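When you line the sequence shown up against this note's numbering, it's residues 4 to 312, in that order.
One structure below.
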Amino acid sequence: MDYTSGMLKDDALKDKVIIVTGGGTGLGKSMASYFSELGAKIVICSRKMEVLEETAAEISENSGNDVLPISCDVREYGQVEEVISRSKEHFGAVHVLLNNAAGNFISPTERLSHRAFDTVIDIVLRGTYNFTLAVGKDWIANKQSGNILNIITTYSWTGSGYVVPSAASKAGVLAMTRSLAVEWAKYGIRSNAIAPGPFPTEGAWSRLLPGNLKKKFDPAIKVPVGRVGEHQELANLAAYLVSDFSAYINGEVITIDGGEWLKGAGEFNMLDQVPDELWDAMEMSRKKTGSKLKMLWLYLNGLRKIKKK
Ligand code: HXC
Ligand code: NAP
4 MDYTSGMLKD DALKDKVIIV TGGGTGLGKS MASYFSELGA KIVICSRKME
54 VLEETAAEIS ENSGNDVLPI SCDVREYGQV EEVISRSKEH FGAVHVLLNN
104 AAGNFISPTE RLSHRAFDTV IDIVLRGTYN FTLAVGKDWI ANKQSGNILN
154 IITTYSWTGS GYVVPSAASK AGVLAMTRSL AVEWAKYGIR SNAIAPGPFP
204 TEGAWSRLLP GNLKKKFDPA IKVPVGRVGE HQELANLAAY LVSDFSAYIN
254 GEVITIDGGE WLKGAGEFNM LDQVPDELWD AMEMSRKKTG SKLKMLWLYL
304 NGLRKIKKK
């Protein structure tokens, strides 16, 4: 067994009703599939009904559990309320909200129109608070406990050029996660977030690494563990956080990125480009051991390797 296997015990999410926004594709689909395998009743919602219907049928066939697809633009509060009422009609209640839907693209910020900025902020930040507010009001009015999980990114706290509307929105979602974790705990509502590093999905990678960019900027290179994420390992973490096993975790953001963002942050982390020869030469110089010729050879060979990289 490893990170490509499901982690939780069978029935860990039995009869939990979970709304997954953007659940028709990518990471949302993978998380919804695993929740369903674990016995949950799933609602997936996004704009494209055909995609949702296909995904719902696929998940349901694999797990044997009911999956309800509902078309919804998360930017529209009325549509969000409709998803909640239809979910309750169909399944009797909603127990968990997974805010996963997002929109994003790369661009120098000064080239963006104000409408482009609005579009990403409206999907990511407004979409998340629309769902959070509507579900939260319903839980509080019905004296029902609940659990909210938000998918953010590591640039929610570092910021990032070229995806500024997304970074600003995700930072807002992070602030909301922590704020509500405290404010709504008295109602039995928990609020947590996951910050994934690079996980291959068609939706994200076609927009963020279009065309040749994928070849030039292989995301795995930036990850200390040397690879991108597997959907199952994210699904494992998400399943734990939406389950009752994590009842004492509240207001937390868990990063799952193989150490990627810290590699960018640490002052001297670029020294992992220094080859052994150069470290040997520096050590010989410091300890005053070995011949000068050997030291010079190591030094030049080391520099040559750095240049090649
Ligand atoms: C500049 C752009 C643009 C681009 C759209 N716009 N794409 N501007 N560069 N690449 C502008 C348009 O010109 C328009 O402004 C405005 O944005 C709205 O565009 P529409 O196409 O009408 O918007 P809409 O149909 O609502 O589609 C939303 C979308 C689209 C965000 C533009 O890409 C989408 O549907 N995305 C959903 C899925 C997604 O993005 N998944 C990736 C999530 S990845 P004007 O002024 O012309 O009217 C993610 C990962 C983060 O978040 C971390 C990775 C490590
Ligand atoms: P994805 O497949 O493109 O997922 C985005 C989903 O959001 C789609 O299913 C899309 O469906 C839905 N969506 C977009 N706009 C919507 C709207 N207005 N209303 C309702 N739904 C909408 O990309 P992904 O990579 O799986 O991303 C999932 C989440 O992970 C996002 O929050 C993203 O920021 C986060 N993330 C991803 C990565 C990564 O490497 N993949 C890294 C960090 C964080 P429709 O088009 O049908 O609406």
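All C-beta atoms, glycine included, are put in the ideal place defined by N, C-alpha and C.
As the structure is a computational prediction, the values presented were derived from the model and not from experiment.
Per-residue DSSP class, three states only, for residue i
i: Thr24; result: strand
i: Pro213; result: coil
i: Arg129; result: helix
i: Ala144; result: helix
i: Ala196; result: strand
i: Lys17; result: coil
i: Ile62; result: helix
i: Leu274; result: helix
i: Val86; result: helix
i: Ser385; result: Missing from the structure shown is residue 385; the chain here goes from 4 to 312 and no further.
i: Pro72; result: strand
i: Val99; result: strand
i: Ile155; result: coil
i: Gly267; result: helix
i: Gly149; result: strand
i: Ala105; result: coil
i: Pro222; result: helix
i: Tyr190; result: helix
beta-carbon residue i near ligand 2 non-hydrogen atom, thresh 6 Å
i: Arg118; result: no
i: Ser49; result: yes
i: Arg230; result: no
i: Val77; result: yes
i: Phe94; result: no
i: Asn153; result: no
i: Ile126; result: yes
i: Glu28; result: In the sequence on display, residue 28 carries Thr and not Glu. Result yes, Cβ under 6 Å from ligand 2.
i: Thr258; result: no
beta-carbon residue i near ligand 1 non-hydrogen atom, thresh 6 Å
i: Asn107; result: yes
i: Gly191; result: no
i: Gly206; result: yes
i: Thr292; result: no
i: Arg210; result: yes
i: Pro201; result: yes
i: Thr161; result: no
i: Thr135; result: no
i: Thr24; result: no
i: Ser110; result: yes
Short Cβ contact (7 Å threshold) for residue i with residue j
i: Gly45; j: Ile73; result: The displayed chain sequence assigns Ile, not Gly, to residue 45. In this structure, Ile73 does not lie closer than 7 Å to Ile45 by Cβ.
i: Gly130; j: Ala171; result: no
i: Ile151; j: Ser182; result: no
i: Val176; j: Ile155; result: yes
i: Gly149; j: Ile192; result: yes
i: Gly206; j: Gly95; result: no
i: Glu280; j: Asn304; result: yes
i: Lys291; j: Pro227; result: no
i: Leu101; j: Val138; result: no
i: Thr157; j: Trp264; result: yes
i: Ile252; j: Pro199; result: no
Best match in the options for proximity to residue i [C-alpha to C-alpha]
i: Cys48; options: Ser39, Gly26, Gly42; result: Gly26
i: Tyr243; options: Glu40, Met10, Met4; result: Met10
i: Asn107; options: Asn239, Asp14, Val166, Val245; result: Val166
i: Arg344; options: Glu40, Val86, Leu16; result: In the structure as shown, the chain begins at 4 and stops at 312. Residue 344 is therefore absent and cannot be evaluated.
i: Leu115; options: Glu64, Gly164, Asn65; result: Gly164
i: Gln276; options: Arg307, Tyr251, Lys297, Ile252; result: Arg307
i: Arg210; options: Lys219, Thr58, Asn145, Ile109; result: Ile109
i: Ser159; options: Asp76, Ala59, Ile257, Ser88; result: Ile257
i: Lys17; options: Arg118, His98, Asn133, Ala250; result: His98
i: Asp283; options: Tyr302, Lys312, Asp76; result: Tyr302
i: Ala250; options: Ala188, Ala178, Val77; result: Ala188
i: Tyr132; options: Met179, Arg89, His117; result: Met179
i: Lys91; options: Leu71, Asp76, Val77, Gly262; result: Leu71
i: Tyr6; options: Ser246, Val245, Val185, Asn239; result: Asn239
Endpoints, alpha helix (DSSP H) assigned at residue i
i: Val245; result: 234–245
i: Arg307; result: 295–311
i: Pro168; result: 167–186
i: Gly29; result: 29–40
i: Ser288; result: 279–290
i: Ser159; result: 158–161
i: Phe120; result: 117–124
Span of the beta strand (DSSP E) around residue i
i: Thr258; result: 256–259
i: Ser49; result: 44–49
i: Ile109; result: First-last for Ile109: undefined, no H or E at that position.
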